[in-house]
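Okay, so here's the structure we're looking at.
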Amino acid sequence: MACNSCSTGDDGQPKGCKNNGTCGTDSCNKLTVFDWLSNMSLPNGEKPFDWVEVRYKNGRKHYYKNLENLTLSIGDIVATQAQSGHDIGMVTLTGELVRVQMKRKNISQEPEEILKIYRKASQKDIDIWKKAREREEPMKVKARQFAIDLRLQMKISDIEFQGDASKATFYYTAEERVDFRELIKVFAREFRTRIEMKQVGFRQEAARLGGIGSCGRELCCSTWLTDFRSVSTSAARYQQLSLNPQKLAGQCGKLKCCLNYELDTYLDALKDFPKTDIKLKTEKGTAVCQKTDIFKGHMWYAYEGEWMNWHKITTQQANEIIAANKENKKVISLEEYALDLVEDTKTEFENVVGQDSLTRFDSPKRNNKRKNNRRKGHQNKQRNKVAQGNKSKQGNRPKQNNQGNKNESSHTKTSQNKRRRNNKRKPQNQNAKNDSK
């Protein structure tokens with residue numbers, strides 16, 4: 032047995048996620064319970080608890096009595112009793128923990144009608160159940176289209192076939208009451224099976240379908256959360272969260288269940304805080320609360336008219352000022368208390384790992400070409416100095432004829448260069464004159 036996304040093949044392995052026995056999406060393990068009593072034996076003379084927990088598609092669980100005394104373990108596929116026919120499910124829990132779960136969910140051990148387990152599922156039962164599961168997805172697409180054609184304000188979220196393929200349960204959500212009598216007739220004529228319509232809430236719909244939350248993990252309601260407590264906007268206010276419905280709402284469209292997880296801790300911490308609407312009276316003026324830090328126990332106040340200047344004090348100091356104000360006493364100013372909380376905001380980073388400096392990107396990167404040009408210029412200057420020193424030494428020697436010859440040769444070279452330039456320019460000018468003619 033596997034989830035709807037992967038489904039088991041003929042060899043018993045998942046076809047979709049290709050994990051060879053384990054589920055990649057964890058949909059096969061919805062609402063699982065760890066059997067921490069599995070390695071413990073019962074005392075002498077005690078009989079094992081004869082009730083078994085069986086899970087069906089998308090976390091639907093029921094409890095059955097093992098009247099046939101079958102040797103069942105977690106993971107066995109069994110055929111169970113249904114209102115008409117039989118259903119196919121997987122055993123998820125046996126032993127004494129089933130007694131604990133039934134007590135937690137207020138399920139009586141002696142009901143009027145006891146549901147029982149018929150047998151372990153045969154290969155024929157599994158084949159019929161598997162073919163029925165393969166029909167669910169195309170049926171859901173057609174069913175949604177039929178509901179749209181009849182203009183019904185409802186959303187069909189999931190379809191679940193019974194194990195013997197004799198009945199199909201349609202789960203839907205709607206904000207108002209829906210008259211679906213005509214829709215059932217269309218379903219029965221199209222799908223050729225018994226139809227049962229079951230309305231679920233938006234939270235139950237998200238729990239059945241599953242998904243990934245904004246935290247990056249699977250939804251709590253589809254993995255381990257079984258009781259849906261009401262969540263109010265006051266839970267977000269106590270935790271100082273922005274009242275943005277897009278951030279506070281989950282995939283079900285309601286407020287996230289995780290807002291209640293840390294609410295008790297925040298309420299305990301807020302007992303030491305004074306109310307934010309209480310104003311502090313000082314000789315300098317009246318101060319109003321602007322911000323609170325629950326974890327550090329700090330509060331920020333600003334004088335009326337000086338809203339840009341905030342003064343940070345502790346909750347104890349705020350309570351002392353409020354107690355003095357009740358006795359008609361005013362404190363000189365908040366600056367006296369705020370001076371004690373002045374902190375050095377400079378942070379020094381250390382190269383603990385032994386890698387590059389953390390501030391290596393702060394200074395602009397120098398161009399290596401400039402360094403090379405500077406080096407070349409410095410070398411050329413040194414060469415020129417050496418050459419000038421050699422020339423000065425040669426100039427002191429009595430060799431005037433050689434200098435005259437050098438000057439004449441340099442003069443002839445310059446004159447030859449000028450002639451070459453003029454010769455290059457002449458044909459261009461002549462061509463331009465011919466073009467003008």
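The sequence shown begins at 32 in our numbering and counts up by one.
We put the beta carbon where it would ideally sit given N, CA and C, even for glycine.
| Item | Value |
| --- | --- |
| Can you tell which of 353, 299, 228 and 196 has its C-alpha closest to the C-alpha of residue 178? | 228 |
| I'd like the span of the alpha helix (DSSP H) that includes residue 160, first residue to last. | 154–165 |
| Among 152, 309, 121 and 393, which has the Cα closest to the Cα of residue 357? | 309 |
| Considering just the uninterrupted stretch of the alpha helix (DSSP H) at residue 133, what are its terminal residues? | 127–135 |
| Between residue 245 and residue 285, is the Cβ-Cβ spacing less than 9 Å? | no |
| So, helix, strand or coil for residue 218, using DSSP? | helix |
| With a threshold of 9 Å between beta carbons, is residue 111 in contact with chain C? | Here there is only one protein chain, and chain C is not present. |
| When the Cα atoms are used, what is the spatial distance from residue 272 to residue 290? | 10 Å |
| Measuring CA to CA, which of 96, 270, 204 and 136 is closest to residue 125? | 96 |
| What does the Cβ neighbour count give for residue 368, buried or exposed, with the cut at 16 atoms within 10 Å? | buried |
| Determine the burial state of residue 102: buried for a count of at least 16 other Cβ atoms within 10 Å of its Cβ, exposed for fewer. | exposed |
| Which residue from 268, 98 and 280 puts its Cα closest to that of residue 151? | 98 |
| Tell me the residue span of the beta strand (DSSP E) that contains residue 296. | Here residue 296 belongs to no beta strand (DSSP E); instead the alpha helix (DSSP H) covers 294–300. |
| Relative to the alpha-carbon of residue 233, which residue among 264, 220 and 186 has its alpha-carbon at the smallest distance? | 186 |
| May I ask which residues mark the beginning and end of the beta strand (DSSP E) holding residue 150? | 148–151 |
| What does DSSP give as the partner residues of residue 362 in its beta bridges? | 313 |
| Who are the Cβ neighbours of residue 364 in its own chain at under 8 Å, not counting the five residues just before and after it? | 313, 314 and 315 |
| Rounded to whole angstroms, how far is the Cβ of residue 231 from the Cβ of residue 204, which I believe are closer than 8 Å? | 6 Å |
| Indicate whether residue 201 and residue 166 have their beta-carbon atoms separated by less than 9 Å. | no |
| Verify whether the separation of the beta carbon atoms of residue 110 and residue 148 is less than 9 Å. | yes |
| Just to confirm, is the Cβ distance from residue 86 to residue 68 under 9 Å? | no |
| If we require 3 or more residues per run, which beta strand (DSSP E) segments fall completely within the segment 57–99? | 82–86 and 92–96 |
| Keeping to the same chain, check which residues put their C-beta closer than 6 Å to that of residue 64; ignore five residues upstream and five downstream. | 124 |
| Just mark residue 343 as buried or exposed, buried being the case when its beta carbon has 16 or more other beta carbons within 10 Å. | buried |
| So the alpha helix (DSSP H) residue 183 belongs to, where does it begin and stop? | That residue, residue 183, is in no alpha helix (DSSP H); it is neither H nor E in DSSP. |
| Using three-state DSSP, classify residue 337 as helix, strand or coil. | coil |
| Within this structure, are the beta carbons of residue 5 and residue 82 separated by less than 9 Å? | Summary: the structure shown does not reach residue 5, with the chain confined to residues 32 through 468, and so no result is reported for it. |
| With DSSP run on the structure shown, which of helix, strand or coil describes residue 319? | strand |
| Taking C-alpha atoms, which residue in 247, 334 and 226 lies nearest to residue 115? | 226 |
| Leaving aside the five residues before and after residue 183 along the sequence, list all residues of the same chain whose C-beta is less than 6 Å from its C-beta, in chain order. | 209 |
| Taking the beta strand (DSSP E) that residue 201 falls in, what are its first and last residues? | 198–204 |
| Per the DSSP calculation, residue 280 is bridged to which residue(s)? | 286 |
| In terms of residues, what are the limits of the alpha helix (DSSP H) holding residue 110? | Note, residue 110: premise wrong, no alpha helix (DSSP H); beta strand (DSSP E) at 108–112. |
| Give me, in chain order, the residues of the same chain whose beta-carbon lies closer than 6 Å to that of residue 215; leave out the 5 immediate sequence neighbours on both sides. | 226 |
| For residue 346, does the count of other Cβ atoms within 10 angstroms reach 16, so buried, or fall short, so exposed? | buried |
| Where does residue 223 fall in DSSP's three states? | coil |
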